[in-house]
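Novice: If you're matching them up, the sequences are chains G and P in order.
Once you know that position 27 of the first sequence is 37 in our numbering, the rest is easy, because the numbers rise by one and skip nothing.
Once you know that position 24 of the second sequence is 44 in our numbering, the rest is easy, because the numbers rise by one and skip nothing.
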Amino acid sequence: AQSVTQPDIHITVSEGASLELRCNYSYGATPYLFWYVQSPGQGLQLLLKYFSGDTLVQGIKGFEAEFKRSQSSFNLRKPSVHWSDAAEYFCAVGPYSSASKIIFGSGTRLSIRP
Amino acid sequence: GAVVSQHPSRVICKSGTSVKIECRSLDFQATTMFWYRQFPKQSLMLMATSNEGSKATYEQGVEKDKFLINHASLTLSTLTVTSAHPEDSSFYICSARAIHPGTGRSEQYFGPGTRLTVT
Chain G
11 AQSVTQPDIH ITVSEGASLE LRCNYSYGAT PYLFWYVQSP GQGLQLLLKY FSGDTLVQGI
71 KGFEAEFKRS QSSFNLRKPS VHWSDAAEYF CAVGPYSSAS KIIFGSGTRL SIRP
Chain P
21 GAVVSQHPSR VICKSGTSVK IECRSLDFQA TTMFWYRQFP KQSLMLMATS NEGSKATYEQ
81 GVEKDKFLIN HASLTLSTLT VTSAHPEDSS FYICSARAIH PGTGRSEQYF GPGTRLTVT
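(1) Pop quiz: S97(P) and H105(P) are said to be a contact at Cβ under 8 Å. What is the actual Cβ separation, rounded to whole angstroms?
(2) Spatial neighbours of W93(G) within its chain, please: C-beta separation below 6 Å, excluding the five flanking residues on both sides.
(3) Taking DSSP as the reference, what is the three-state secondary structure of G72(G)?
(4) Using a Cβ-Cβ cut-off of less than 7 Å, give me the residues of the segment 49 to 83 of chain P that come near chain G, in sequence order.
(5) Run down chain P in chain order and give the residues with a C-beta less than 8 Å from the C-beta of S116(G).
(6) May I ask which residues mark the beginning and end of the beta strand (DSSP E) holding K34(P)?
(7) With a cut-off of 9 Å, does the C-beta of K111(G) fall near any C-beta of chain P?
(8) Following the continuous beta strand (DSSP E) through V101(P), name the residue where it begins and the one where it ends.
(9) Which residues in chain P sit within 7 Å of P105(G), going by Cβ to Cβ distance?
(10) For A68(P), count neighbouring Cβ atoms within 10 angstroms of its own Cβ and tell me buried if that reaches 16, exposed if not.
(11) What is the rounded straight-line gap between the Cα of F100(G) and the Cα of P41(G)?
(12) Closer than 8 Å by beta-carbon distance: list the chain P residues that pair up with S100(G), in chain order.
(13) Taking the alpha carbon of K34(P) as the point to measure from, which residue in P121(P), E107(P) and S115(P) has its own alpha carbon closest?
(14) I'd like to know if the segment 32 to 40 of chain G and the segment 11 to 22 of chain G are in contact, where contact means that at least 3 CB-CB pairs between them fall below 8 Å.
(15) Counting only C-beta atoms, is I89(P) closer than 9 Å to chain G at any point?
(16) What does a CB cutoff of less than 6 Å around H20(G) pick up in its chain, not counting 5 residues either side in sequence?
(17) To the nearest angstrom, how far is it from the Cα of I64(G) to the Cα of S103(P)?
(18) Looking at C-beta atoms only, is the number of pairs between the segment 48 to 57 of chain G and the segment 42 to 52 of chain P that lie closer than 8 Å three or more?
(19) Using a Cβ-Cβ cutoff of less than 8 Å, which residues in the same chain neighbour S29(P) once the five nearest sequence positions on both sides are dropped?
(20) Pull out every residue of the segment 52 to 80 of chain G whose Cβ sits closer than 9 Å to any Cβ of chain P, in chain order.
Here it is in structure tokens:
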């Protein structure tokens, strides 16, 4: 079965500290992996995506994610968080070249401690 | 990048009335659009897949007669919530699928969402 698991519902980190948000997936075909961010009451903004190539992907706002096939993981990282990073983060998996749907994880809410 | 718009961004309606939400791909053609619903503090749940010129495909548990989807052109899909009730209050997000002609790669671009409140 296709699924995305984000094991952390809520994470709080201090401003300036490093961040890692976990994501594990189960997908039958070659996955297309995404991280989205959503601020309260807003739509989704794509942070980064991965299909092939270098397993360390750079995204916007200083975020990066590393694809580890052996662990079926696609964790999101940022070396130093800012108060404006407080938001909901969604990991998602989808097909590369078909009309099939994107499957979203349950999300991780990130709070920043001043 | 490709832009998807939704209208309205917020709507309040009375129980029993119908509400129409539009989703437009502004600078590309989308043969496939998707409609999602998001309840507070929850993830996005796919409601239906909308294909231009054909009937929408609904996910299990989504009432097709209540959530009418029309994808009449390559740039517009509409979701009509019929006989709305307070439990239909939610954040509705659409996405449009673009195919890159050179690679065949599929990308989905998300709209900003529509906040529906039924009183």
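Note that CB positions come from ideal geometry on N, CA and C, so glycine has one too.
Specialist: Taking the definition as stated:
(1) S97(P) to H105(P), Cβ: 23 Å. No contact.
(2) E25 and I122
(3) helix
(4) T52, F54, S63, L64, L66 and T69
(5) Q62 and S63
(6) No beta strand (DSSP E) holds K34(P); DSSP gives it neither H nor E.
(7) yes
(8) L96 to V101
(9) S126
(10) buried
(11) 16 Å
(12) One detail in the question is off: residue 100(G) reads as Phe in this sequence, not Ser. The contacting residues are S63 and L64.
(13) E107(P)
(14) yes
(15) no
(16) R119
(17) At residue 64(G) the sequence reads Asp, which differs from the Ile that was named. Cα to Cα, the separation comes out at about 50 Å.
(18) no
(19) P132, G133, T134 and R135
(20) Q52, G53, L54, Q55, L56, K59 and F61
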